[in-house]
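Engineer: Each step along the sequence shown adds one to the number in the numbering used here, with nothing skipped, and position 104 is 126. Built from N, CA and C at the ideal position, the CB exists for glycine as well. All values reported here derive from a predicted model rather than from experimental measurement. Okay, here's the structure, questions in a sec.
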Amino acid sequence: MAKSGLASRLYRGEAGLNIVGRRKLWFTVAGALVLVAVLSFAVRGFSLGIEFAGGNSFQVPASVGTLEQTEDKVNEALAAEGGGAEVVTAQKVGSTSGEYYELRTSQLSADQANAVKAKMADEFGINADQISGSQVSEAWGSQVTSRALLGLVIFVLVVAAYLVLRFEWRMAVAAIVSLFMNLILTAGIYSLVGFEVTPSTIIGFLTILGFALYDVVVVFDKVQENTRGITANNNQTYGEAANLALNQSLMRSLNTSVVALLPVGGLLFIGAGLLGAGTLKDLGLVLFVGMAMAFLTSILLSTPLLVLLKNQDPRIDAHTKRVLARRGAIARGEITPRGAARQAAAEEAGDEPIDPEAAALAGSAPKVGARPAAKRSAGARGGRPAGGGGNRPGGAKRR
C-alpha cells in the first residue's frame, strides 16, 4: 500500500510532529521575538493616527485628480501655509454624495487650517466651500485606549474563570500567556513595519482575542481527552499524550485558521487594495496579522507551556519517571513487554509478524461453531435447572 500524503496523515492525526518535545526551541524563539517587539516599542514606537496624536482632516472632491496628485498639492499647500505640517495619511472614501479624498495632516492651528484650506482651493481651482475640514483632538484617542484596556482586563478575567472551571488553573495560565503573546507579537509587527494605529486597530485587537481563545480551547479539549486517567498506566507520558492531541487537532486548527483568514484577506487585499475602500484597511490589517499569529501561538506555545506546568505536578512527575524507568528496563532486557514472546516465536517459525491489536481481538473472539458462552445459574449442573431435572417437580426424589 502506498504511503499516505502529509495532508492525509495530518487529518488522521498520524503525522507524528514532535511539537511538545521541541518546546525549548519554541520558547527560545518566542522569547527572542518578544525581546525584538519590546525594543521596537522603546526605539521606534507606534505610528499613531490623528485620533491619538491629534491633527486635522480635509475632504477634497475626487474630481480634482488622482489620489497621488491630490496628496502632492496638499503637501505644497501645507509647506506654504502649514508651518511645516505634512500629510500623514490619504485615502479615497465613498459616500451618498459622491467620492472624495480624505487627507489627514499634522496638528494645525485654526488660522493655519483656514489658510491651508484657501491655498488648496486655489491649487485645485475649486471653491473653498467644496473643501471641508475638521480638527481631531488626541483626547478622543486616549478615551478609546482607556476603554479598550478596561475591556481587555474584563475579558481576561472572564476567560481565566471559564478555563479554570472548564479545565484547570494550569490550562488557564497557559491560555492567558498565549493570548498576551499574541497581542505582543501583533503589536510588534505594527511597530516594526510602521502600520498606522487607529481606533479600528484597537477594535481589531479585541476581536482577535476571541479567535485565539477558540483555537486554544479546541486543542486543550483534545489534550484533556487524551490525558484523562493517564497515571493509571506506564505506557505514555503526559507530554506524549498532549503532543498526540496536538497532532490530532492540528488539521482542524489549520482549516479553521484558513477559513477565517480567507474572508479577512479578501476584505484587506481586495476591498482596501484593489477597490480602494480605505476605511476597511485598518480593521482588515489587524485581523489578518492577529489571526495568523493566533494560530501559531495556540499550536507552538500554549500546549508546550501547559506540559511544562503539568510536569511540575508531583503526580505527573512521578508518572513520567515510572514510564521512563520502564522503557529503560525494556531496553536493557530486564523486563519483556507484553506480547513480545509470541512475536519472537512467530518470527522464528517464519510466520507473519503478529499485530498486537489483532491478536488481542482474535483472542477475545469466539471460535467458529462454538456455543455462546453464558453464565450458568448458581447450582446448575449439566445445563439443567438447579431444582431438578426435566418436568419432575423440584421436590420429587428418584427411586
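Just how far apart, CA to CA, sit Leu214 and Leu55?
Structural biologist: Distance between the alpha carbons of Leu214 and Leu55: 12 Å.
Engineer: Between the beta-carbon of Ile72 and the beta-carbon of Val138, is there less than 9 Å?
Structural biologist: no
Engineer: Could you give the first and the last residue of the continuous alpha helix (DSSP H) run that contains Gly43?
Structural biologist: Run containing Gly43: none; DSSP gives neither H nor E here.
Engineer: Using a Cβ-Cβ cutoff of less than 7 Å, which residues in the same chain neighbour Gly287 once the five nearest sequence positions on both sides are dropped?
Structural biologist: Phe310
Engineer: In the stretch 260-292, which residue ranges form an unbroken alpha helix (DSSP H) of at least 4 residues, counting only runs that do not cross its ends?
Structural biologist: 260-287
Engineer: Given this structure, state the Cα-to-Cα distance separating Ala102 from Arg66, to the nearest angstrom.
Structural biologist: 29 Å
Engineer: Considering Asn255, what are the terminal residues of the alpha helix (DSSP H) in which it resides?
Structural biologist: Counting along the chain, Asn255 falls outside any alpha helix (DSSP H), and DSSP gives it neither H nor E.
Engineer: Taking the alpha-carbon of Pro91 as reference, which of Leu268, Ala316, Glu145, Asn78 has the nearest alpha-carbon?
Structural biologist: Per the sequence presented here, residue 91 reads as Gln, with Pro not at that position. For Gln91, the closest of Leu268, Ala316, Glu145, Asn78 by C-alpha to C-alpha distance is Glu145.
Engineer: Short of 7 Å in beta carbon distance, which residues of its chain neighbour Ala380, apart from the five on each side in sequence? Order them along the chain.
Structural biologist: Any reading at Ala380 needs caution, since the residue's pLDDT is 42, under 50, leaving its predicted position unreliable; the model's value is listed next. Answer for Ala380: no residue qualifies.
Engineer: Looking at the structure shown, is Ala112 part of a helix, part of a strand, or coil, going by DSSP?
Structural biologist: strand
Engineer: When you compare the CB positions of Phe317 and Leu276, do they come within less than 9 Å of one another, or not?
Structural biologist: yes
Engineer: To the nearest angstrom, how far is the alpha carbon of Ala387 from that of Leu330?
Structural biologist: Low confidence applies to Ala387: its pLDDT is 39, below 50, so where it sits in the model is not reliable, and the reading given next is rough at best. Roughly 42 Å separates the two Cα atoms.
Engineer: With a threshold of 16 other CB atoms inside 10 Å of the CB of Asn40, please say whether the residue is buried or exposed.
Structural biologist: With fewer than 16 other beta carbons inside 10 angstroms of its own, Asn40 counts as exposed.
Engineer: In the DSSP assignment, what residue or residues form a beta bridge with Glu218?
Structural biologist: Ser69
Engineer: Looking at Gly105 and Lys95, is the spacing between their C-beta atoms short of 9 Å?
Structural biologist: no
Engineer: For a quick check, are the C-beta atoms of Gly232 and Glu160 less than 9 Å apart?
Structural biologist: no
Engineer: If we count Cβ pairs, one from each stretch, closer than 8 Å, do we get three or more for the stretch 234-247 versus the stretch 191-209?
Structural biologist: yes
Engineer: Return yes when the Cβ of Asn78 is within less than 9 Å of the Cβ of Gln129, no when it is not.
Structural biologist: yes
Engineer: Pick helix, strand or coil for Arg126, following the three-state DSSP scheme.
Structural biologist: strand
Engineer: Which residues in the same chain have their Cβ closer than 6 Å to the Cβ of Thr319, if we skip the five residues on either side of it in sequence?
Structural biologist: Ser200, Met203, Asn204
Engineer: Starting from the C-beta of Phe426, find all residues in its chain whose C-beta is less than 7 Å away, skip the five residues before and the five after it, and write them out in chain order.
Structural biologist: Not covered by the structure: residue 426. The range shown for the chain is 23 to 421.
Engineer: Note down, in chain order, each residue of its chain lying with its Cβ closer than 6 Å to the Cβ of Ser62, except the 5 sequence neighbours on either side.
Structural biologist: Gly210, Ser213, Leu214
Engineer: Whole angstroms is fine: what's the gap from Asn269's alpha carbon to Trp162's?
Structural biologist: 46 Å
Engineer: Look at the alpha carbon of Arg349 and the alpha carbon of Asn333, and state the distance between them as a whole number of angstroms.
Structural biologist: 19 Å
Engineer: I'd like the span of the alpha helix (DSSP H) that includes Ser164, first residue to last.
Structural biologist: 160-188
Engineer: Confirm, please, whether the CB-CB distance from Gln258 to Val345 is below 9 Å.
Structural biologist: yes
Engineer: Could you name the residues of the same chain whose beta carbon sits closer than 6 Å to that of Leu125, not counting the 5 residues immediately before and after it, in chain order?
Structural biologist: Phe80, Val96, Val109, Ala112
Engineer: Can you tell which of Ala263, Ile206, Asp339, Ile148 has its C-alpha closest to the C-alpha of Lys244?
Structural biologist: Ranking the options by Cα distance to Lys244, first place goes to Ala263.
Engineer: Where does the unbroken alpha helix (DSSP H) through Val138 begin, and where does it stop?
Structural biologist: 132-146
Engineer: Rounded to whole angstroms, what is the Cα-Cα separation between Ala194 and Phe177?
Structural biologist: Pairing Ala194 with Phe177, the inter-Cα distance amounts to about 13 Å.
Engineer: What does the alpha-carbon distance come out to for the pair Ala64 and Ile206?
Structural biologist: Those two C-alpha atoms are separated by around 13 Å.
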